[in-house]
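Below: the structure, in structure tokens.
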């Protein structure tokens, strides 16, 4: 459970922490798009330096970012190794049947590795420096134009907020029920996959029942307090777009320009 | 009762995330035995659960290392599969058949995830397709009798419709 701490937000007052969640959300989404512009060592180096600077600005220990890479490490290594072994072109250092190590292959391997790490660092940066609820606010704001297309944006945002609010509660509940069932002799995570799956029946039934009861109580409480849908609701947390947010957007525009200039 | 529909789906989403985090720590990556995939069968019992499952996938992926990539493609995979299942089984009453169709849709549309990895990292498409599809097939397959049994005890439709 400690491996994937839910909502990895780390409180802080760094420059990145204080940015508007909308700016951070837009910037990280945009970063994932412009990373595809990089196709030589100059562009990857630029993106690497840019990301490291951003990481530095968060005032968060580097190990937290490394932890983001860990769950993906097998997929990354696997992809990189295949890339190295099956790419032709450039100087050939080693060949055995279809397997070969070429200079082009090694270069591609390094690029793919960089791409993985850069995307993971940026995504981690967003979740480390932004409260989950601020993220929902930002998502709601950015989706707002869709209300014209009859998309229930307020309802989606409310569902996201409620879900985020209840994840830790239900995680506790899941743990509690698992421990209660363990005390009755259920083995979780032991035996083959069939046995492991079978063990979740005595977990799922009480979990669903208690969650649905919780939902029912919450719905009643909301209606008793006069909830009537998103229209005209006011907000406790207000978002403020500041100069620093505009600076971030401009920086990304410059970065995009530089990438287009430097790429092959 | 619209509030109830909204709140129930939100709680289902939270439950999906909680089970993803607590029960199966190896959830992201090429080979996924995500125990929470059994939740996909909820849509078989009542299609109103689709929005809750979608929200759950969204929130779970919000904290995945690949961030937006996983959100866009993961959400597309789940929603397209669930909607396809609903459309294909409009006139089917038998829940076993509906669950089997659900599994086929999730297995088939796993190519969306393989395509995501191919597109972003030039990862081998067929191999990842195989991994993801296998994960879905195994978990949702064993999940069939489990969810059927849980439904007999919990009655998912009743909660959603408020009867």
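Chains as they are written, first to last, in our numbering: chain X, 38 to 301; chain C, 4 to 166. No residue lacks a Cβ here, since even glycine has one placed at the ideal position from N, Cα and C.
Where does the unbroken alpha helix (DSSP H) through residue i begin, and where does it stop?
i	result
residue 152 of chain C	128 to 157
residue 88 of chain C	71 to 91
residue 239 of chain X	238 to 261
residue 121 of chain C	114 to 124
residue 107 of chain C	98 to 111
residue 64 of chain C	53 to 65
residue 294 of chain X	280 to 299
residue 235 of chain X	230 to 235
residue 101 of chain X	99 to 106
residue 216 of chain X	190 to 220
residue 59 of chain X	58 to 71
residue 171 of chain X	169 to 180
residue 116 of chain X	110 to 122
residue 185 of chain X	Element bounds for residue 185 of chain X: n/a, residue is neither H nor E.
residue 80 of chain X	78 to 94
residue 47 of chain C	45 to 48
Return no unless some Cβ of chain X is closer than 9 Å to the Cβ of residue i.
i	result
residue 12 of chain C	yes
residue 18 of chain C	yes
residue 149 of chain C	yes
residue 146 of chain C	yes
residue 129 of chain C	no
residue 82 of chain C	no
residue 118 of chain C	no
residue 157 of chain C	yes
residue 126 of chain C	yes
residue 29 of chain C	Note that residue 29 of chain C has pLDDT 47, beneath the 50 cutoff, so the model's placement of it is unreliable and the number below is only indicative. By this cut-off, residue 29 of chain C is an interface position.
residue 66 of chain C	yes
residue 62 of chain C	yes
residue 135 of chain C	no
residue 77 of chain C	no
residue 114 of chain C	no
residue 52 of chain C	no
What distance in whole Å lies between the Cβ atoms of residue j and residue i, which are believed to be in contact at a cut-off of 8 Å?
i	j	result
residue 128 of chain C	residue 118 of chain C	7 Å
residue 170 of chain X	residue 45 of chain X	Not confirmed; about 14 Å, so no contact.
residue 88 of chain X	residue 155 of chain X	5 Å
residue 57 of chain C	residue 82 of chain C	5 Å
Please decide whether residue i counts as near chain C, where near means a Cβ-Cβ distance under 9 Å.
i	result
residue 197 of chain X	yes
residue 268 of chain X	no
residue 130 of chain X	no
residue 248 of chain X	yes
residue 41 of chain X	Bear in mind that a pLDDT of 42 at residue 41 of chain X, under 50, signals an unreliable position, so the number given afterwards is only what the model happens to contain. Yes, residue 41 of chain X lies at the interface with chain C (some Cβ there is under 9 Å from its Cβ).
residue 152 of chain X	yes
residue 242 of chain X	yes
residue 105 of chain X	yes
residue 253 of chain X	yes
residue 238 of chain X	yes
residue 38 of chain X	Confidence at residue 38 of chain X is low in this model, with a pLDDT of 38, below 50, so its placement is unreliable and the value that follows should be read with caution. Output row for residue 38 of chain X: interface = yes.
Taking the straight line between their C-alpha atoms, what separation do you get for residue i and residue j?
i	j	result
residue 33 of chain C	residue 199 of chain X	Note on residue 33 of chain C: pLDDT 49, under 50, position unreliable in the model; the coordinate value appears next. C-alpha separation (whole angstroms): 30 Å.
residue 37 of chain C	residue 123 of chain C	22 Å
residue 145 of chain X	residue 125 of chain C	10 Å
residue 196 of chain X	residue 52 of chain C	13 Å
residue 172 of chain X	residue 159 of chain X	15 Å
residue 111 of chain C	residue 104 of chain X	32 Å
residue 22 of chain C	residue 225 of chain X	13 Å
residue 243 of chain X	residue 211 of chain X	9 Å
residue 129 of chain X	residue 140 of chain X	7 Å
residue 70 of chain C	residue 291 of chain X	23 Å
residue 187 of chain X	residue 194 of chain X	14 Å
residue 31 of chain C	residue 137 of chain C	Any reading at residue 31 of chain C is ruled out, since the residue's pLDDT is 43, under 50, leaving its predicted position unreliable.
residue 108 of chain X	residue 68 of chain C	8 Å
residue 68 of chain X	residue 65 of chain C	16 Å
residue 8 of chain C	residue 190 of chain X	15 Å
residue 65 of chain X	residue 272 of chain X	25 Å
residue 229 of chain X	residue 219 of chain X	18 Å
residue 204 of chain X	residue 20 of chain C	7 Å
residue 29 of chain C	residue 110 of chain X	Any answer about residue 29 of chain C is weak, because its pLDDT of 47 lies below 50 and its placement is not dependable; what the coordinates show is given next. If I take the Cα positions, the gap works out to 12 Å.
Where do the N-terminal and C-terminal ends of the beta strand (DSSP E) with residue i fall, by residue?
i	result
residue 133 of chain X	129 to 133
residue 6 of chain C	Counting along the chain, residue 6 of chain C falls outside any beta strand (DSSP E), though it belongs to the alpha helix (DSSP H) covering 5 to 25.
residue 138 of chain X	136 to 139
For residue i, return the contacting residues in chain A, with the cut-off set at a CB-CB distance below 8 Å.
i	result
residue 132 of chain C	In the displayed structure, chain A is absent; the protein chains listed are X and C.
Sort the options by Cα distance to residue i and report the nearest one.
i	options	result
residue 158 of chain C	C/134, C/47, C/113	C/47
residue 131 of chain C	X/113, X/208, X/168	X/113
residue 208 of chain X	C/5, C/17, C/12	C/17
residue 10 of chain C	X/271, X/74, X/266	X/266
residue 40 of chain C	C/54, C/101, C/60, C/72	C/60
residue 105 of chain C	C/58, C/73, C/45	C/45
residue 245 of chain X	X/214, X/277, X/278	X/214
residue 163 of chain X	X/284, X/49, X/149	X/49
residue 276 of chain X	X/178, X/189, X/182, X/298	X/178
residue 296 of chain X	X/282, X/79, X/124, X/102	X/79
residue 54 of chain X	X/153, X/92, X/81	X/92
residue 98 of chain C	C/151, C/160, C/156, C/24	C/151
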